[in-house]
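Accompanying notes for the structure given below.
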Amino acid sequence: MRHIKQNHIPAETRRWYSKVYGGWMGKSIGGTLGMPYEGDMRLLDIQDYDPTISLPAPNDDLDLQLVNLHALEQYGPRLQAVHLSREWLEHVFFPFDEYGYALANLRRGLVPPVAGWFNNPFIDCMGSPIRSELWAMIAPGQPEIAAYYAWQDAQVDHAGGEGMYGEVFFAVIESQAFIESDRDQLIACGLQHIPEQSRVAQAVRHTLACHAQGLTWQESRESILAHFGHTNFTDAPLNVAFTIVGWLYGADFGEAIRIAINCGYDTDCTGATLGSILGIILGAEAIPTRWSDPVGNQVVVSDPIRYLDAPKTLEELTERTLCVAFETQAFWQNKQLANILLARFQEELYNFRPGAFNPQFADGLLIEDTLGLSVAFQDGHPAIGCEQTKSLLITLTNKHKQPWQGELSLQVPAGWSGSETQFVELDPEETCTYVQMVTADEQMQEAYEVTINLTRSHQDVLWHTQKFPVAMVPARHWEFVIGDQQWSEKAIIAGDRLDLPVDFADYTGVVRAHTLLENPIDRKVRFIVSARPEVEVRLDGKILWTTSAADSVLPAFHRAEPGSFYEGFLSEGTHELELIFTRGAQNQNADDIMVMLVADSSIHQPGPYYYFTDILFAWPFQS
0 MRHIKQNHIP
10 AETRRWYSKV
20 YGGWMGKSIG
30 GTLGMPYEGD
40 MRLLDIQDYD
50 PTISLPAPND
60 DLDLQLVNLH
70 ALEQYGPRLQ
80 AVHLSREWLE
90 HVFFPFDEYG
100 YALANLRRGL
110 VPPVAGWFNN
120 PFIDCMGSPI
130 RSELWAMIAP
140 GQPEIAAYYA
150 WQDAQVDHAG
160 GEGMYGEVFF
170 AVIESQAFIE
180 SDRDQLIACG
190 LQHIPEQSRV
200 AQAVRHTLAC
210 HAQGLTWQES
220 RESILAHFGH
230 TNFTDAPLNV
240 AFTIVGWLYG
250 ADFGEAIRIA
260 INCGYDTDCT
270 GATLGSILGI
280 ILGAEAIPTR
290 WSDPVGNQVV
300 VSDPIRYLDA
310 PKTLEELTER
320 TLCVAFETQA
330 FWQNKQLANI
340 LLARFQEELY
350 NFRPGAFNPQ
360 FADGLLIEDT
370 LGLSVAFQDG
380 HPAIGCEQTK
390 SLLITLTNKH
400 KQPWQGELSL
410 QVPAGWSGSE
420 TQFVELDPEE
430 TCTYVQMVTA
440 DEQMQEAYEV
450 TINLTRSHQD
460 VLWHTQKFPV
470 AMVPARHWEF
480 VIGDQQWSEK
490 AIIAGDRLDL
500 PVDFADYTGV
510 VRAHTLLENP
520 IDRKVRFIVS
530 ARPEVEVRLD
540 GKILWTTSAA
550 DSVLPAFHRA
560 EPGSFYEGFL
570 SEGTHELELI
580 FTRGAQNQNA
590 DDIMVMLVAD
600 SSIHQPGPYY
610 YFTDILFAWP
620 FQS
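For reference, each letter of the sequence shown is one residue, going 0 to 622 in numbering that gives the first Met the number 0.
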């Protein structure tokens with residue numbers, strides 16, 4: 000039996016301690032076992048740890064939960080998505096998939112959920128389902144509370160996607176596993192807490208049906224791939240399903256984790272998550288030493304997690320987890336507050352709008368007080384082009400039984416113009432949406448800040464003014480030319496995806512897309528053009544390279560597909576970028592082409608492949 004160190008932990012919490020320790024140990028075991036095979040989409044036959052790697056292996060599955068633990072220590076149980084996003088800016092330097100896109104948005108001032116959704120093609124992936132355990136450990140046997148925190152967490156980089164449902168699903172199971180050991184009951188509990196129409200829920204129900212029909216685990220895997228397969232190995236629904244496959248078919252701790260991993264795809268995630276679930280159920284003492292002894296009790300942190308006082312051992316990690324858990328338990332004893340927070344979460348879970356946000360929460364407000372505030376962009380996104388006009392939809396709700404009077408106005412960047420000040424008069428509990436318009440000038444910047452001013456008055460006497468910043472980002476400016484230079488049209492595009500003008504929707508043939516890159520400094524650059532059709536990429540009239548035609552688009556910074564990128568030197572100044580491709584009947588989707596400029600593989604600080612937010616896409620051929 001493994002001896003578990005319990006420094007300063009009261010006797011009545013030993014069972015809780017054992018399950019928390021078991022969850023972290025299981026996470027380390029499963030992640031280390033599956034890590035060498037991450038991204039292998041074949042049917043595997045893994046039986047033991049890879050002897051060529053050091054144990055335990057660092058893994059983002061745990062790394063980001065160490066950041067979240069630090070966030071709990073900093074902000075306490077009042078933790079919200081905006082607090083977690085601040086931790087990312089301080090400590091997270093991962094360029095991987097959804098992490099890289101979310102960080103690019105956060106660095107420009109966007110806040111969750113917009114920062115986790117805008118221009119992010121990986122919101123349906125595994126980056127958030129893999130960090131569910133901490134929320135369960137601070138809310139044992141309280142699945143609604145665990146789900147609430149998981150929802151806050153997932154907004155940072157998966158807002159509006161299946162990754163959110165995957166994290167909630169696992170957090171609920173793991174929380175309930177502190178008081179329930181029946182596998183089928185736990186899975187059912189997880190399903191009860193996510194929308195039944197979500198692909199995660201559908202994939203799990205499909206997996207349960209395969210098992211009930213008597214299929215082997217290999218046959219279940221094939222059926223899952225037939226119904227929920229994806230070209231990206233990190234897609235959440237199929238990997239959540241593979242985790243459940245391991246649990247359903249594995250006769251013991253080790254076999255269950257091996258089956259999940261042997262399904263392939265995101266193997267470190269499936270193995271780590273199932274290992275943690277089983278570790279919580281069993282408790283640390285019951286985890287077989289065959290699996291626990293090789294990894295030991297060390298906590299290893301990946302290099303892109305920086306400036307963080309992370310736990311060094313599982314004992315320290317467990318004790319620090321319990322410390323924030325005790326505080327969390329006390330906080331949720333306020334039933335009035337708990338009911339308000341959980342009701343808001345349930346409303347968001349089933350009616351989520353990733354493009355809308357409340358800037359009041361950026362100041363740490365937990366519950367709207369006198370006035371509720373919601374901001375959305377009428378065109379759905381926070382990007383604005385040169386001399387473009389955008390409408391902000393500002394929804395105000397009077398939360399109390401006295402009328403609210405005042406004024407609404409915007410403070411805009413120098414050179415911009417905005418709507419006139421609007422008078423606001425709200426009856427008790429009345430909601431009204433106001434439209435405020437902003438028009439940008441011709442000067443592009445890395446980011447912009449618009450400030451909402453809410454001035455309250457009493458009997459025409461100014462009382463006070465509240466200011467709420469709203470971040471916006473520069474759009475991209477492209478000109479498209481078709482028909483042997485006979486037809487051209489300019490377009491303002493919100494993000495990396497090359498959306499052709501609607502007038503070109505039915506066009507087939509050669510397309511030339513032009514833009515001007517404004518680069519502020521000499522630098523090494525990785526140009527990425529992730530596309531289905533073959534694309535000739537020209538810079539200042541010279542061919543850089545021609546991409547390879549592909550069946551699918553994988554717009555990842557760090558794992559761009561061969562033939563989809565070019566690394567080279569980009570001098571300070573303005574450069575013409577031109578893309579030439581043929582649009583056929585098979586590649587007319589808006590998803591066909593994405594264009595990114597990121598740091599190349601040689602950059603050590605802050606690290607390779609980070610998104611260049613300061614390279615701007617200006618109108619081509621300006622006089």
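Each residue gets a CB set at the ideal place from its N, CA and C atoms; glycine is no exception.
- A contact is defined here as three or more CB-CB pairs under 8 Å, and the segment 132-140 fails this definition with respect to the segment 96-116.
- For Ser390, the uninterrupted beta strand (DSSP E) run begins and ends at 388-397, by DSSP.
- If the five residues before and after Asp426 are omitted, its C-beta is found closer than 8 Å to the C-beta atoms of Asn397, Pro402, all from its own chain and listed in chain order.
- Rounded to the nearest angstrom, the gap between the Cα atoms of Asp62 and Asp181 is 29 Å.
- Here DSSP, grouped into helix, strand and coil, assigns Met136 to helix.
- Here the alpha carbon of Arg85 sits roughly 17 Å from the alpha carbon of Tyr609.
- Residue pairing of Asp234 in beta bridges, as defined by DSSP: Cys124.
- The closest CA to that of Val528, considering only Pro358, Leu596, Gly21, is found on Leu596.
- In the three-state scheme derived from DSSP, where H, G and I count as helix and E and B as strand, Asn452 is classed as strand.
- Relative to the Cα of Glu429, the nearest Cα in the group Leu370, Ala149, Gly363 belongs to Leu370.
- DSSP places Trp486 in the uninterrupted beta strand (DSSP E) bounded by 486-492.
- With a beta-carbon spacing of about 45 Å, Asn261 and Leu538 fall beyond the 8 Å limit used to define contacts.
- Close CB contacts of Ala382 within its chain, under the 6 Å cut and outside five residues either way in sequence, are with Val472, Ala474, Ala493 (chain order).
- With 16 or more other Cβ atoms from the protein chains shown falling within 10 Å of its own Cβ, Ser17 counts as buried.
- Taking Tyr248 as the centre and dropping the five residues before and after it, the same chain places the C-beta of Trp216, Ile258 closer than 6 Å to its C-beta, in chain order.
- According to the DSSP secondary-structure assignment, Thr545 is paired through a beta bridge with Glu535.
- The segment 142-202 is shown to contain whole alpha helix (DSSP H) runs of 4 or more residues at 142-157, 161-175, 182-191, in chain order.
- When secondary structure is reduced to three states using DSSP, Lys523 falls in the strand class.
- In the DSSP annotation of this structure, the continuous segment of the beta strand (DSSP E) that includes Gly405 starts and ends at 403-410.
- Going by DSSP, Ala80 is part of the alpha helix (DSSP H) stretching over 80-90.
- Inclusion of Lys26 and Ala187 in the CB contact set at 8 Å is not warranted, their separation being larger than that value.
- A Cβ-Cβ distance of about 4 Å is found for the pair Thr233 and Cys124, placing them in contact under the 8 Å criterion.
- Look at the beta carbons and you see the segment 153-171 touching the segment 348-368: at least three pairs across the two are nearer than 8 Å.
- Annotation: the continuous beta strand (DSSP E) that includes Gly572 extends over 572-582.
- Using a Cβ-Cβ distance cut-off of 8 Å, the segment 455-465 and the segment 543-551 are not in contact, since fewer than three pairs of beta carbons, one from each stretch, lie closer than that value.
- Below 8 Å, too few C-beta pairs join the segment 554-563 and the segment 498-510 to call them touching: fewer than three.
- Annotation for Arg257: no beta strand (DSSP E) segment contains it, though the alpha helix (DSSP H) segment containing it runs 252-261.
- Between the alpha carbons of Ile144 and Pro76 lies a gap of roughly 11 Å.
- Between the alpha carbons of Ala176 and Pro55 lies a gap of roughly 25 Å.
- The alpha-carbon of Ser408 is positioned some 31 Å away from that of Tyr100.
- Per DSSP, Thr432 is not a residue of any alpha helix (DSSP H); the beta strand (DSSP E) it occupies stretches across 430-438.
- Rounded to the nearest whole angstrom, the C-alpha separation of Ser563 and Ile481 is 23 Å.
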